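Residue numbers (this note's numbering), protein chains in the order written: chain H, 131 to 566; chain F, 39 to 820.
No residue lacks a Cβ here, since even glycine has one placed at the ideal position from N, Cα and C.
Remember, it's a predicted structure, so these values are computed and weren't measured experimentally.
All remarks here apply to the structure that follows.
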Amino acid sequence: MLGAFRSALATPDLRRKILFTLGILVLYRFGTTLPSPGVSYVNVQKCYDQVDQQGIYSLINLFSGGALLQLSVFALGIMPYITSSIIIQLLTVVIPRFEQLRKEGQSGQAKLTQYTRYLTIALAILQATGIVALAVRGQLFAGCTDPVIPDQSVFNLIVVVITMTAGTSVIMWLGELITERGIGNGMSLLIFTGIAARIPAEGGNILNSQGGLVFFVVCVFGLAIICSVVFVEQGQRRVPVQYAKRMIGRRMYGGTSTYLPLKVNQAGVIPVIFASSLLYLPDLISRLTTSTTSEPSGWQQWVAQYLVSQSSWVHISLYFLLIIFFTYFYVSITFNPDERADEMKKFGGFIPGIRPGRPTAEYLRFVLGRITLPGSIYLGIIAILPNLFLDITGQGQNQNFPFGGTAVLIMVGVGLDTVKQIESQLMQRNYEGFLR
Amino acid sequence: MGAFVGRLKARARRLLQRPGSADLSRYEPLVRQAGAREQWAQGLSDEELTEAAGALRESAGGRFGDRDLVELCALGREAARRALDERPYDVQLLGTLGLLTGHVVEMATGEGKTLAGALAAAGYALRGERVHVLSVNDYLARRDAEWMAPVYALLGVSVAWVGQSSTREERRRAYAADVTYGAVSEIGFDLLRDRLCTDVAELVLPEPGVALIDEADSVLVDEARVPLVLAGSAGEVEADRAVSEVVRRLRAEVHYEIDDNRRSVYLTGAGAEAVEAALGGIDLYSDEHAGRLAAVNVALHAHALLRRDVDYIVRDGRVQLISESRGRVARLQRWPDGLQAAVEVKESLPVSRGGEVLDSITVQALVGRYPRVCGMTGTAVAVAEQLREFYGLEAAVIPPNRPCIRVDEPDRVFASVADKEAALVAEVAEVHATGRPVLVGTLDVAESERLARKLTAAGVENVVVLNARNDAEEAAVVAEAGALGAVTVSTQMAGRGTDIRLGGANGADHDEVAALGGLYVVGSGRYPSSRLDNQLRGRAGRQGDPGGSVFFSSMRDELVTGYAPDAEVPGEVADNGEVTGANVAAVVDFAQRVAEGVNLETHRDTWRYSKLVEHQREVLLEYRGRVLREDVAVRLLEQRCAERWADLTEGVGEQEAARVARLVLLHHLDRGWTEHLEFLTDLREGIHLRALAREDPLDEFHRAAIPAFKRIVDQARDQTVETVEKLEWDESGVDLAAVGIRRPSATWTYLVHDNPVGSEQDRVMKWLRSKVASAERSWLRR
């Protein structure tokens, strides 16, 4: 591994790409800590430490690498872009013009990308305004009395909004730069960086509050989790496929490299995001319906005790079950056995010993069903692990704990992809020792 | 005012580095200076002119300053005037300068691309570089070389051409000339054949210098989708006649289905059962019958997808492929993997020998070998982005000498093919009655013949057909296509390289034809790319002549049904089946854009996957070159089996032994490479499935292909030692055939296609789309 890294740096072309990517990431990190003009850095720090930030922002905060609550230049992070690309994708379903563009290949795609960028800007303005409004009313950090934006003149607020919006455009550009000229997928790497950057701080928290022994145990445990995630993420069932389209005398490589891979974790991180988003809903509703003056009603108390509190067994088991449900749901969308069987049939492929069409679909469904069960349980366990650590971290936010849940799944996923890409590029260039 | 706005626009485009906006205005003063030197050049005798050009060769010393360029233009213009009685226009000289500075220049039809290209080639040659002019086919290569020969002679530059029938010796001589004309496939095959040489003396191609590409968009974009493949015959293939008989009896929709854009065909359940029953109750999908299944699939492909007179013609008892982008017979092309044999069985012809891929090269890699590349075409801007992406070339537009006054009428769209053809025939008959010459451009051979019959039936006399079947008469047909009262029905063959003069070959009735409106071009359907449409339109309106063009399309055209299958009729349908409305061509335009997108994707895929193969080939060729030129094989044997080697040298002499060692090692290297290519084809076929595990198919392809490649050389070395151990010899020499070493006897090229698959995101959207569609349906029902 280290050897591979060294030779990657020894290859000039690859070294340039890696250094370029790292440079961009450093720039990105710098922007996330750079406070927006008009924001009081001192007060923000004070409030940040005071407030228990469990709740609706934590997922957004995760994706922005903690920049959101710092009100920094890159406060909005990559979220507006992700949201906007999802929206544009959804619109291709309902708007015929978009559907046409999608079909036109590259030139149409380029136009859709352009629309995505415009929409990103619009969303960024919206979100920035929302956050600034929350901050001005003191709702961003509930209970913190220090004004995070001391000068509340309209001009100053507009400057903050414009800064954050511009920040998002810059992030978008940085991401595209990485994808184009660097290595790996730019957007994923930016998210990765945001999450990874929090690990030292979280680790520091634990060290300060719990002492060296617990810190050490947590580190070992974290490493073990990451290793096992890396292990499971790479697990796949390979269903052999043959393409009987070519007539060749000697077939010596039959089937060893032609297969249909089914991952143990076929669904990826999406079910966890779905499930946790859904679990925020009761919290959100109860907050919206709560007036500051009256006592919380009975159901609100119940929600706060069992659903919002992440250490309650109701929350944990609900979370777990939702993840299992969404895993099956998402796999059924992304891997439709009938479609796969149909497509294989069209291109002349078949699974040896199994007839194409319905029998093939049945077989794939069977294998998929068998592999999704352990996959979904694995996802559930990884996701609820941090809830079991709540006492140690002393914070009520499971998603942000760097050794579990969404964070570790994203980090490992992006990390593996990037390493694979580096490795593949390295192999392409490295023919040393071939011509002795 | 308009011109000012246009200039402003051009400048803005240039500022944004939009494709197709390279700036040649810097060279306009040079052209003017060349004009000032014209008097001086005219005063020279022929010998003095040649001498002045020769002086350029010395003074330039490999680099041309502005003064040398001016001198070259002046001399070139004078040479062309004397040799061809054609004085190159200023815009032609500008084109020459664009070529000399490494651009792809866009020059409209009839503006004299050939001459501009020849002057540029001469310029490069005088600079001391070796020039290859790559044309689209042998006919044009030879025509241009012979036509321009006097100009080259006056400039003191030697010129030659290579064609399909050239012998090795002729080729070597041709490549020794300063400027060599040749079809891109011909030069590509010479390169591939050189790579399989076993003796230094057999090599043909010199080191690459400059590539000047004629019809650059066709060569660099259309042709680039199909790699050149050198195949060697691998003995008889048994074409499964029993299977062919069974497949012949199958019926569409019941036993097999064809997908929308006619790229694949597959058996239905009922079809599979019918085939199994007919073949004696076997299970096609078990391991043991995999070969049978392949035979069925191949036969089905031959029967259902490949159509006689569209995809191929039968001539002289042989199946000949028709090139999709050019409409000509592709003589050296065959279908791969038993498909050729299946088509031959389908047509009840004797089955030719089967082959295996020895080596292949993409046009991209071929062009990439040349340190300097430039090109010219009538339609460059449309592909400017691709030229930049794939070749790093910039396109520049040369203004026409006289503005084009051709009238392009809006498309006429019909509901059905029958309506379209009836209207087309009526239109042609009406125009023909006035005596105005008409050129009907069709999509395939069958259509051209059908329309010609219909036209004759409608009372149009002297309808001339030009298609792949009678390509020998091409020059004669084209020469008369602009004559008074001519009606020519052609496939895409007439789309390129041909210059239709008004009033026939001698231009006798030019003014009369011009008064009638010039050549009228009628397209019987839009091509899969707007570039090809424009090429056809470009046949009319050359050099400021009048002309007109119109395209007839129908909603049932293959372009529409294949690429916009669920499009709706964009307006009212009149009694004659014509669709009327504001923007009737919108659907056809959309289908065309989709087709262009699909083709671009194919091109990009071909390139992305072949990049690695090109790299591996280079690495292997370097080693092969050393085996060929140095004593690598001898040293290997001395090391690995010294005793045996000593015996051999004693038995047949040192020199012969070295030759044998080289041959054996080369043979195993080439075999290793051939097998590697076969492995890669297999790998490529199923690699798209990896996307299902969120892996990048290209990365996975590399991860599997690279370790396999690294084994080739070691394996070849081991096998060489093994073979030498088994060698037998006597006084007459070493018996190489006994150990299976022989050279392939025939070579040809293959056509290769692809299959794409969507990403995870695409699959989610597809699911959503189907849900929305079904919700819509149930809502409508209520």
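Collapsed DSSP secondary structure at residue i in the structure displayed
i, result
"I279/H", "coil"
"S170/H", "coil"
"Q358/F", "strand"
"D182/F", "helix"
"G148/F", "coil"
"Y323/F", "coil"
"P165/H", "strand"
"Q551/H", "helix"
"E492/H", "helix"
"S137/H", "helix"
"S591/F", "strand"
"Y304/F", "strand"
"R775/F", "Reading off the sequence, residue 775/F comes out as Ala, not Arg. Looking at A775/F - three-state DSSP - the assignment turns out to be helix."
"G619/F", "coil"
"I399/F", "strand"
"F480/H", "strand"
"P370/H", "strand"
"R815/F", "helix"
Cβ pair residue i, residue j closer than 7 Å
i, j, result
"L556/F", "D595/F", "Note on residue identity: the sequence assigns Gly, not Leu, to residue 556/F. Not closer than 7 Å, so no."
"Y558/F", "V469/F", "yes"
"A249/F", "V411/F", "yes"
"A118/F", "L153/F", "yes"
"V169/H", "I255/H", "no"
"V360/H", "V542/H", "yes"
"G478/H", "N500/F", "no"
"Y211/H", "T162/H", "no"
"L307/H", "I208/H", "no"
"L206/H", "Q257/H", "yes"
"A342/F", "V303/F", "yes"
"Q440/H", "N517/H", "yes"
The alpha helix (DSSP H) enclosing residue i, as first and last residue numbers
i, result
"G316/H", "G316 to A326"
"E634/F", "A624 to R667"
"R741/F", "P735 to K748"
"R64/F", "It is not in any alpha helix (DSSP H) - R64/F carries neither H nor E in the DSSP assignment."
"V281/F", "R279 to R286"
Cβ-based neighbour list, residue i, same chain, cut-off 7 Å, excluding 5 preceding and 5 following
i, result
"Q244/H", "none"
"A519/F", "P475, L477, T526 and I538"
"R407/F", "P246"
"H548/F", "L540 and G541"
"V402/H", "I453, L509, A513, G535, T536 and L539"
Boundaries (first-last residue) of the beta strand (DSSP E) holding residue i
i, result
"S173/F", "V169 to S173"
"G133/F", "No beta strand (DSSP E) holds G133/F; the alpha helix (DSSP H) holding it covers D128 to L138."
"M414/F", "R410 to T415"
"P391/H", "Y389 to K393"
"I463/H", "Looking at the DSSP string, I463/H is not in any beta strand (DSSP E); the run it does join, the alpha helix (DSSP H), is W443 to T464."
Residues near residue i in its chain [Cβ-Cβ closer than 8 Å; skip 5 each side]
i, result
"R267/H", "none"
"G384/H", "Because the pLDDT of G384/H is 47, which lies under 50, any placement of that residue in the model is unreliable, and the question is left without a value."
"L659/F", "R233"
"R369/F", "Q202 and Q358"
Residues near residue i in its chain [Cβ-Cβ closer than 6 Å; skip 5 each side]
i, result
"R75/F", "A112"
"K393/H", "Q366"
"N505/F", "V483, S486 and T529"
Cutoff 7 Å: residue i Cβ touching any chain A Cβ
i, result
"G168/H", "Included in the structure are the protein chains H and F, with no chain A among them."
Unbroken stretches of the beta strand (DSSP E), 3 residues or longer, contained in the stretch 203-276 of chain F: As far as the stretch 203-276 of chain F is concerned, its whole beta strand (DSSP E) runs of at least 3 residues are 217-221, 248-252 and 266-271.
Just to confirm the assignment: which complete beta strand (DSSP E) runs, minimum length 3, are found wholly within the stretch 492-526 of chain F? The stretch 492-526 of chain F contains these whole beta strand (DSSP E) runs: 501-504.
At which residue ranges does the stretch 402-475 of chain F contain complete beta strand (DSSP E) runs of 3 or more residues, listed in the order of the chain? Within the stretch 402-475 of chain F, the complete beta strand (DSSP E) segments at least 3 residues long are 410-415, 433-435 and 450-452, listed from N- to C-terminus.
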